[in-house]
DNA sequence: CCAATGCGAGAGAGCGCTCTCTGACCTCGC
DNA sequence: GCGAGGTCAGAGAGCGCTCTCTCGCATTGG
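Chains as they are written, first to last, in the working numbering: chain A, 1 to 347; chain B, 1001 to 1347.
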């Protein structure tokens, strides 16, 4: 860290080039002022052709790369954006492909805009603390939140500190929000089951502290009410194990159910296992519809009929919204992406 | 970007507090010098208790957070590390869980050390360019590479620019490298097949421009040579489709093969489909062993016997190596993590 | 009681860059 | 032919922080 004045071999005048070249050195070599080098480096057009060429040559010879910190100290920009995943790293990259897909969507869009993606997981209290200091400390130009939990105050906190925010999973916030049409998807699923002649349709809902969990349950309730059917509800936490447990529970409580809408494919996979254990055939005895349409859905036995949600698009849409915010352009406060029913063999 | 001097309502003297509080303002409020505030903020112990309390109070009242760029301009540290994924965002987050798992391992370890993770994908030429400028521009303290391709010069380039590097997938480099024991795993797989009485054992190899592809093929060749058996080889690119195609090819060329070692689970999944199409039973007619042990392996029909590699550990080990490098501590130049055979039903 | 020693706080010089302001030089127009 | 206007490069002031150096003051030994 501290500069070493002379290497082994001693007290020569100004040891060999050490550390990275600075703009000043480029200026000296090109025989111009710092300001001119800065103009060339930043692509300003008001520079004489000859000087420009000289500067570019000098920069290339020295291998000059602008120092990010120095630049952003004065410009107040960093050209990078954070994506906050409010889970532990372990949960973020679990089997459901949600976060990876969001990341993919975000990364693709930011890439194209020449911005960089900083990934932050805030599963622990310290991690949240760090993320806050990081964002507020000016490391990034803006912050995007994926799959927020209700109680999460981080977005608001950042907002108050003047950090641009775009989010997913928490619409009641003074920041642009991107989400999918949970209810519409569920409605299509339940209607499909009804159309197939199923009458005793249960649901395995997701966690109720997340919009995705609540909205899908609301959709189910609404659809059942509209069809004048009784709601039969079990609750899981979006994992396969919880789906299996919830299905067992449902079979015990309501042995004559003939269909189940499961609020995530992972839980649906667990439910299929429970049904197999119980000797129920799918879809003949019990029809199953999932939600997500992750890769696993096609590998299930039988392949899962499910509600497809465009996860990567959540990411790309968030990124685009963020880019607009950073440009100072107006942004839709709430964007709802469409879902669609993918019919396979399980219902 | 440009400071707005006066809001609507006019030319008052110094509008309301705007922008973030600076260290100087904290100093003024606490009635001490900038240096003292800096000492307190950075946890130095040589500060009088009363002053320390005063400074902390002032900082809290103003909501002071140090400006990252200003700090790193003088310290030359950023406390963040980049992980470079040399693929397009689309490939990075495809079905094989390789990159997500590596990210998980890295994130967990960096998290614990209070460092931040910056994710860079270098699938395109511009993305590579940007990543280079980013790292060399001092945005991060070091760079980690996951699953390098042979021809990738980026690590060497960074190394030359004095950026600390840790890598995976390319051992012949002047930087610490973490990898798994591909050959040992394959050896165990082939020996398992031989022990089960299989004699005509083919392989579906991965891309030969990656260490993972080559090493697994080498392992197969070696094991077959040791057993005095003829090698039967098809090549895929680690995707399910390529596995399916390769299996069809093998069945056409060598109809009487009785086992196949497939260099990735994704390809193995494709191979199983091809075998099903051809009416071959698994494992009775043809035994199948995969490599990776991703979640998909348990969902296959039949569940896949496969070589487990500790992917997340690649990440955590890389991260730990990087942390040591940054601390100036000595680091093992090459770390090989063990693989193990997981026996399920396909062989 | 005074010099030697030590400890903690302040002063001030940058880190590498951007950006405004100034001023040199040139081109026009009247 | 000379002033007005325009263009383009340089000078210089910071951005917010860290860190060395210096200095004041208290403590201690002779």
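Ideal Cβ placement from N, Cα and C applies to all residues, glycine included.
Item to check | Sequence-distant residues of its chain with Cβ nearer than 8 Å to residue 1/A (five each side left out) | outcome: At residue 1/A the pLDDT is 34, less than 50, meaning the model places this residue with poor confidence; the figure from the coordinates comes in the next sentence. Counting only Cβ-Cβ distances below 8 Å, and skipping sequence neighbours, we find nothing.
Checklist entry - Alpha carbon to alpha carbon, how far is residue 1151/B from residue 1162/B? => result 20 Å
Item to check | residue 238/A CB to nearest heavy atom of the ligand ZN below 7 Å | outcome: As presented, the structure is devoid of all ligands, the ligand ZN included, so that no description of it is given.
Checklist entry - Taking the alpha-carbon positions, what's the residue 1040/B to residue 1134/B distance? => result 31 Å
Next on the checklist: Measuring only the C-alpha atoms, how far is residue 1149/B from residue 1180/B?
Outcome noted: 16 Å
Checklist entry - Got a sec: which bits of the region 123 to 137 of chain A sit with their beta carbon under 9 Å from any beta carbon on chain B, in order along the chain? => result 123, 124, 126, 127, 130, 131, 132, 133, 134, 136 and 137
Next on the checklist: What residue range does the beta strand (DSSP E) around residue 1322/B cover?
Outcome noted: Per DSSP, residue 1322/B belongs to no beta strand (DSSP E); it is in the alpha helix (DSSP H), 1311 to 1327.
Checklist entry - Where does residue 1308/B sit, in a helix, a strand or coil, going by DSSP? => result strand
Next on the checklist: Just checking: is the beta-carbon of residue 1113/B within a distance shorter than 8 Å of some beta-carbon in chain A?
Outcome noted: no
Checklist entry - Which chain A residues sit within Cβ distance under 8 Å of residue 1121/B? => result 107 and 111
Checklist entry - So with Cβ pairs under 8 Å, would you call residue 116/A a contact of chain B? => result yes
Checklist entry - For residue 1193/B, which of helix, strand or coil comes out of DSSP? => result helix
Item to check | Ordered list of alpha helix (DSSP H) runs contained in the region 1216 to 1274 of chain B, each at least 4 residues | outcome: 1240 to 1253
Item to check | CA-to-CA distance, residue 1226/B to residue 317/A, given in whole angstroms | outcome: 55 Å
Checklist entry - Should residue 320/A be flagged as near chain B, meaning a C-beta pair shorter than 8 Å? => result no
Checklist entry - For residue 290/A, does the count of other Cβ atoms within 10 angstroms reach 16, so buried, or fall short, so exposed? => result buried
Next on the checklist: Taking the beta carbon of residue 1048/B as the centre, do at least 16 other beta carbons fall within 10 Å, making it buried, or is it exposed?
Outcome noted: exposed
Item to check | the region 278 to 299 of chain A: positions lying closer than 7 Å to chain B by Cβ | outcome: 295, 296 and 299
Item to check | chain B within 8 Å of residue 301/A, Cβ atoms only | outcome: yes
Item to check | Amino acids of chain B, ordered along the chain, whose beta-carbon sits closer than 8 Å to that of residue 104/A | outcome: 1089, 1090, 1092 and 1093
Checklist entry - Closest by CA to residue 223/A, which one among 235/A, 242/A, 201/A and 328/A? => result 201/A
Checklist entry - Ordered along the chain, which non-local residues of its own chain (more than five positions away) have a Cβ less than 7 Å from that of residue 1282/B? => result 1272, 1275, 1288, 1302 and 1346
Checklist entry - In three-state terms, what does DSSP make of residue 121/A? => result strand
Item to check | residue 335/A - partner residues in DSSP beta bridges | outcome: 178/A
Checklist entry - Along the chain, where does the beta strand (DSSP E) that runs through residue 203/A open and close? => result 201 to 205
Next on the checklist: So, for residue 331/A: in the same chain, excluding its five sequence neighbours on each side, which residues have a beta-carbon less than 6 Å away from its beta-carbon?
Outcome noted: 176, 321, 324 and 325
Item to check | Runs of alpha helix (DSSP H) wholly within the region 1077 to 1121 of chain B (minimum 4 residues, chain order) | outcome: 1089 to 1092 and 1098 to 1113
Checklist entry - What residue range is occupied by the uninterrupted beta strand (DSSP E) comprising residue 1349/B? => result Since the first residue shown for chain B is 1001 and the last is 1347, residue 1349/B is missing from the structure and cannot be characterised.
Checklist entry - Checking contacts by CB at 8 Å: is residue 331/A closer than that to chain B? => result no
Checklist entry - Given that residue 73/A touches chain B, what residues does it touch there, using C-beta distances under 8 Å? => result 1067, 1069, 1070 and 1073
Checklist entry - Per DSSP, residue 210/A forms a beta bridge with which residues? => result 149/A
Item to check | Cα-Cα separation, residue 259/A to residue 1077/B | outcome: 58 Å
Next on the checklist: If contact is defined by three or more beta carbon pairs under 8 Å, each pair taking one atom from either stretch, is the region 254 to 268 of chain A in contact with the region 235 to 244 of chain A?
Outcome noted: yes
Next on the checklist: Using a Cβ distance threshold of 8 Å, determine whether the region 1157 to 1174 of chain B contacts the region 1121 to 1136 of chain B, with at least three qualifying pairs required.
Outcome noted: yes
Checklist entry - Span of the beta strand (DSSP E) holding residue 287/A? => result 287 to 292
Next on the checklist: Within 8 Å, do at least three Cβ pairs link the region 105 to 112 of chain A to the region 249 to 257 of chain A?
Outcome noted: no
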